[in-house]
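Residue numbers (full-length UniProt numbering): 1 to 355.
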């Protein structure tokens, strides 16, 4: 929209007011007799925002920013409600605030090493990278990042996370990297990663995960890097990786693997995808005792020869539990039908013989 010539000066002053470092370059205002204004301090929630009443000064100029701007308008000959309305309409809104405990620069917000117990609220909406590592955050509540829809990189490593609400990451459809490593997570619900279809890197290493159902990763077709090292995993269903066509890097070391028949599907998948597995020599068996500290991928196929009869997965057992009784009932009905036909046939022959 074209700005009228008589109001163009107002817009220029607005830009000068909000542009860092430009206000001091404008003509200095005369000394103003006003009440002393305290320097900007964090409010009760720990925020420091430019432009709030009594909390912003023009560098090198006397009085508050509002007083300085009023003087500039009066010098230019603009007075009255119309001038104020023009000011409100033409001045751009200030940029989003940055929490006092964080450092913000070019879309990156660093809140690491701040002893935080919760995710700071009112983070800049244009945040593309958020670092929350090395704090004391234990729980991620629902929609903790509801306004950060442009977020691409989120790090929560080295906290004390024990629980993540199923909707904690809702709205983060643009997220590409998620780091939850070095926490205390014992489970990762499938609903947690459901809102992250574009996720490329997922790091849940150094947690307490005891299992990882295949459904957890089914919604992550773009995943390329998966870190599962140093957890409490004893086995993994090979199907957990079947829906990850883009996977190119996987860490599994540091888990107490039970090298029994149950782990054969993972063993077979790993043998066919060794180029994707990092530090494969460190993937060691913990159980049974005679294989303790033995590399999983060095066991050999012959070690699983006795497992051929036990390679049924839970869904396979369910299938046979359903099909077995059905087949049995069907066979009984067929036998009864054939028996009835045989009796009827004999009865018919006997009648013919009497004739």
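For each residue, glycine too, the CB sits at the ideal point set by N, CA and C.
Please read these numbers as outputs of a predicted model, since none were measured by experiment.
DSSP three-state assignment for residue i, whether helix, strand or coil
| i | result |
| --- | --- |
| residue 329 | helix |
| residue 270 | helix |
| residue 241 | helix |
| residue 264 | helix |
| residue 342 | helix |
| residue 201 | strand |
| residue 358 | Since the displayed the chain opens at 1 and closes at 355, residue 358 lies outside it and no answer follows. |
| residue 106 | coil |
| residue 336 | helix |
| residue 139 | strand |
| residue 57 | In this prediction, residue 57 scores a pLDDT of 33, lower than 50, which makes its location untrustworthy; no coordinate-derived value is stated. |
| residue 130 | strand |
| residue 250 | strand |
| residue 301 | helix |
| residue 226 | strand |
| residue 284 | strand |
| residue 98 | strand |
| residue 323 | helix |
| residue 178 | strand |
| residue 120 | coil |
| residue 154 | strand |
| residue 295 | strand |
Pair within 8 angstroms by beta-carbon distance, residue i and residue j
| i | j | result |
| --- | --- | --- |
| residue 208 | residue 232 | yes |
| residue 277 | residue 295 | no |
| residue 280 | residue 297 | yes |
| residue 161 | residue 180 | yes |
| residue 124 | residue 104 | yes |
| residue 166 | residue 151 | no |
| residue 158 | residue 182 | yes |
| residue 217 | residue 244 | yes |
| residue 155 | residue 132 | yes |
| residue 212 | residue 229 | no |
Any C-beta of chain B under 8 angstroms from that of residue i
| i | result |
| --- | --- |
| residue 279 | The structure shown contains no chain B, having only a single protein chain. |
Straight-line Cα distance separating residue j from residue i
| i | j | result |
| --- | --- | --- |
| residue 142 | residue 118 | 12 angstroms |
| residue 334 | residue 344 | 15 angstroms |
| residue 302 | residue 262 | 15 angstroms |
| residue 305 | residue 271 | 16 angstroms |
| residue 206 | residue 153 | 19 angstroms |
| residue 273 | residue 169 | 31 angstroms |
| residue 240 | residue 341 | 52 angstroms |
| residue 290 | residue 267 | 18 angstroms |
| residue 362 | residue 108 | No statement about residue 362 is possible, as the shown extent of the chain runs from 1 to 355 and does not include it. |
| residue 323 | residue 331 | 12 angstroms |
| residue 146 | residue 122 | 10 angstroms |
| residue 225 | residue 249 | 5 angstroms |
| residue 189 | residue 202 | 14 angstroms |
| residue 256 | residue 120 | 36 angstroms |
| residue 102 | residue 185 | 25 angstroms |
| residue 41 | residue 99 | With a pLDDT of only 48 at residue 41, under the threshold of 50, the placement of this residue in the model should not be trusted; the figure read from the coordinates follows. Taking the straight line joining both Cα atoms gives about 12 angstroms. |
| residue 260 | residue 113 | 42 angstroms |
| residue 149 | residue 220 | 18 angstroms |
| residue 265 | residue 238 | 5 angstroms |
| residue 97 | residue 140 | 22 angstroms |
| residue 116 | residue 138 | 10 angstroms |
| residue 214 | residue 339 | 48 angstroms |
| residue 178 | residue 130 | 10 angstroms |
| residue 275 | residue 242 | 16 angstroms |
| residue 336 | residue 307 | 39 angstroms |
| residue 292 | residue 300 | 15 angstroms |
Contact the segment 167-174 vs the segment 193-203: 3+ CB pairs below 8 angstroms
yes
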